[in-house]
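Visitor: First the structure, which I've put down as C-alpha cells, then a few questions once you've had a look.
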Amino acid sequence: MLKSLFFSILFYCFTITLFAQDNLIKNGQFIDGTNNWEVLLLNKDEPIKAHIEHSNVYKAYGLADNFVGTNFVELDQKSTIQQIIPTRKGDMYTLVFAYAPRPNAGTKQLIVTAGKKVIYTTTLNNSDDKGVFIYKTVSFAAIDKYTKIGFHAVSILSDADDKGILLTDILCNLSSIVDVDRIATDKKF
C-alpha cells in the first residue's frame, strides 16, 4: 500500500510539474497554422495541409464529432514538420503529442525524431473508422544545447498518398522523471 501511495504522489507531482512548465514547442496546437515550424516538402508547389477547423469541415478528414474546432496539420509522404527547441545537454525531456489516422488513407508510418535519433515510430493500418486522436508521451535525452524535433509520415503499400496523418497538441518540457537506469550506469563505486 505504501508503494501505491508513493507512486500516486510521484505521478501527481510529475503531472503538475509537466503542465506547470513552459512548453518549449511554439505553436504546438497549430493555432497560427504552421508558424514557428519548418515545413519540408517534396514538391514545394504543393503546400502542406495545415488546417484550422471551426466548422463541419472536420468530417472531410474523417474525424469524430468531438474534434470540432481542433487545429491540426496533416502530414503525408510528401511533407515533414520540424522545430528547433532549446535544451540542456544531458537532461531528459518529455514530448507529448496527439496523432490520428485519416480513414481509408492506406497504411502509414509515423516517425518522430529528436535530434538525429528516432524516439517514436508507429504503423497505422488502413481503416475506414472515424479518426480519433491518440496521445503519446515519449522521453529523450538532449545531446546538445538545441534539439530538432521532427514529425514524418511514410506511406506503406498505399494508393491514398494524398491522405496522411493528422497531428496536434505538441508539448515538450524538461522531464521531472528520474532515469534510474541512467543514474545506475553513471554511478561509480
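With the sequence shown counted from 1, adding 3 to any position gets you the numbering used here. Every residue, glycine too, gets a C-beta built ideally from N, C-alpha and C.
1. Any contact of the segment 94–106 with the segment 135–146, i.e. 3+ C-beta pairs under 8 Å?
2. DSSP three-state label for K120, please.
3. Between I152, V157, P106 and A117, which has its C-alpha nearest I66's C-alpha?
4. Once DSSP output is grouped into helix, strand and coil, what is the label at A156?
5. Among S178, Q112, N39 and K151, whose alpha-carbon lies nearest the alpha-carbon of I168?
6. So, using beta-carbon positions, are T3 and A145 closer together than 8 Å?
7. Can you give me the C-alpha to C-alpha distance between D147 and D25, rounded to a whole angstrom?
8. Rounded to whole angstroms, what's the CA-CA distance from D165 to F75? Just pull it up for me.
9. Can you tell me whether DSSP reads K111 as helix, strand or coil?
10. Would you kindly work out how many angstroms separate the C-alpha atoms of T150 and S142, rounded to a whole number?
11. Y15 to S179, Cα distance in whole Å?
12. Would you mind reading off the limits of the beta strand (DSSP E) that contains K139?
13. Which word fits I84, buried or exposed, when buried means at least 16 other C-beta atoms lie within 10 angstroms of its C-beta?
14. Using a Cβ-Cβ cut-off of 6 Å (strictly less than) and excluding sequence neighbours within five positions of G31, which residues of its own chain qualify?
15. Applying the criterion that 16 or more other CB atoms from any shown protein chain within 10 Å of the CB defines a buried residue, is L78 buried or exposed?
16. Quick one: grab the DSSP three-state call for K151.
17. For the beta strand (DSSP E) containing T37, list its first residue and its last residue.
18. Run through the DSSP bridge pairs and tell me what Q85 is partnered with.
Guide: Once the coordinates are examined:
1. yes
2. strand
3. It should be pointed out that residue 66 corresponds to Leu in this sequence rather than to Ile. Out of I152, V157, P106 and A117, P106 has the C-alpha closest to the C-alpha of L66.
4. strand
5. Q112
6. Because the chain is modelled from 4 through 192, residue 3 falls outside the range shown and cannot be assessed.
7. 19 Å
8. 16 Å
9. strand
10. 13 Å
11. With a pLDDT of 48 at Y15, under the threshold of 50, the predicted position of this residue should be treated as unreliable, though the coordinate-derived value follows. Their Cα atoms are separated by approximately 11 Å.
12. I137 to A144
13. buried
14. I173 and L174
15. buried
16. strand
17. Segment: none, T37 is in no beta strand (DSSP E) and carries neither H nor E.
18. E41 and G153
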